[in-house]
């Protein structure tokens, strides 16, 4: 029987880890397709921030979970703010694109700060 070397042990450990990773990746779509609620999904909000009404809620109707906003809509004074969820779970908006924040509420507040009183113009989504 061949001796177990450090290289063989590390290779075997890497193979086991890769197999486990593939199994988790293959199981994840099935779990989301089963209709499970995402515990990390952001809560709805409706508040006045610096004199501007900001709102956020799960997307209604035509917006789907695969879109950039992850099935979530944000509005400033009734105008939709285009938001996007990053792979790390942070959020950005079309107004403050280079300043990721932890929640859609924080993205709306950052956009209000950046707008400095200017109205939010509709963003033409393709």
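Numbering (my numbering), first residue to last: 213 to 338.
Heads up, the beta-carbon is just placed ideally off N, CA and C, and yes, glycines get one too.
Through-space distance from residue j to residue i, alpha-carbon basis
i           : j           : result
residue 287 : residue 253 : 17 Å
residue 215 : residue 223 : 14 Å
residue 304 : residue 298 : 7 Å
residue 325 : residue 334 : 17 Å
residue 330 : residue 336 : 18 Å
residue 217 : residue 302 : 42 Å
residue 261 : residue 321 : 7 Å
residue 328 : residue 271 : 27 Å
residue 291 : residue 219 : 59 Å
residue 296 : residue 289 : 19 Å
residue 332 : residue 284 : 18 Å
residue 239 : residue 308 : A caution first: residue 239 carries a pLDDT of 49, below 50, which makes its placement in the model unreliable, though a value can still be read off. Their backbone Cα atoms lie some 35 Å apart in a straight line.
Endpoints, beta strand (DSSP E) assigned at residue i
i           : result
residue 316 : Here residue 316 belongs to no beta strand (DSSP E); instead the alpha helix (DSSP H) covers 316-327.
residue 259 : 257-261
residue 287 : 284-288
residue 216 : First-last for residue 216: undefined, no H or E at that position.
residue 270 : 264-270
residue 295 : 295-297
residue 305 : 303-305
Residue i, DSSP secondary structure in three states
i           : result
residue 242 : At residue 242 the pLDDT is 45, less than 50, meaning the model places this residue with poor confidence and gives no usable figure here.
Is there contact here, the stretch 264-273 with the stretch 307-314, by at least three beta-carbon pairs under 8 Å? no
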